[in-house]
Amino acid sequence: MKKAFFSNLANEMSNLDLEIDFFVIHFNNCLVIKLPKRLTLIESISLKESCSESIKQNKAAQKVILDFKDTQFIDSNGIGALIKILVVARAYQQELIFQRVQPSVIAVLEMASLTEVFQIQSTKLLSTKESRYHRD
3 MKKAFFSNLA
13 NEMSNLDLEI
23 DFFVIHFNNC
33 LVIKLPKRLT
43 LIESISLKES
53 CSESIKQNKA
63 AQKVILDFKD
73 TQFIDSNGIG
83 ALIKILVVAR
93 AYQQELIFQR
103 VQPSVIAVLE
113 MASLTEVFQI
123 QSTKLLSTKE
133 SRYHRD
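Per this note's numbering, the very first residue in the sequence shown carries number 3; after that it's consecutive.
Following this line, the structure appears as structure tokens:
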């Protein structure tokens, strides 16, 4: 009975369109990627693919900025996606910067001891000064 349930669930999941588009702009040698309201398993799959592809296509970009303005929730899948993006950005010698990170997301990153791993800047987009988490 359990096997049939999971088989049906897997079939239904495979029929879903899990492709999520992310708003990506390129300016001033930066890639800016606007993140969704939630960063869970479904969003994380598309985010990893979108960011990796954008980073590879824009090798001249010096910074990859993830805009968390609308992101209110992140789970372990979202954290995994962020780590993967960091690895890809570093492979292309690009700086990964988190901006406008909401308190609920900061709390999760703090619990995971990742505020020292990621460069988290103040609330203003493209700001470079005065952030509790900014590392020079």
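Every residue gets a Cβ at the ideal spot worked out from N, C-alpha and C, and that includes glycine.
Treat the numbers as computed from the prediction; the structure is a model and nothing was measured.
Check                                                                                                                   : Outcome
Run of the alpha helix (DSSP H) containing Lys65, from where it starts to where it stops                                : Unbroken run through Lys65 is the beta strand (DSSP E), 65 to 69; no alpha helix (DSSP H).
Lys86 - containing alpha helix (DSSP H), residue span                                                                   : 78 to 93
Same chain, Cβ closer than 7 Å to Asn60, neighbours up to 5 away in sequence not counted                                : His28, Leu33
Asp19 burial status per 10 Å Cβ neighbour count (16 or more: buried)                                                    : In this prediction, Asp19 scores a pLDDT of 49, lower than 50, which makes its location untrustworthy; no coordinate-derived value is stated.
Neighbourhood of Ala109 by C-beta distance below 7 Å, restricted to the same chain and skipping five residues each side : none
Whole-angstrom distance between Ser46 and Cys53, CA atom to CA atom                                                     : 10 Å
Close-in-space but distant-in-sequence residues of the same chain around Asp77 (CB under 6 Å, 5 per side omitted)       : Thr42
Proximity to Ile67 [Cα-Cα], best of Val119, Leu37, Ser48                                                                : Leu37
Residues of its chain near Gln104, where Cβ-Cβ distance is below 7 Å and the 5 sequence neighbours each way are ignored : Phe70, Thr73, Gln74
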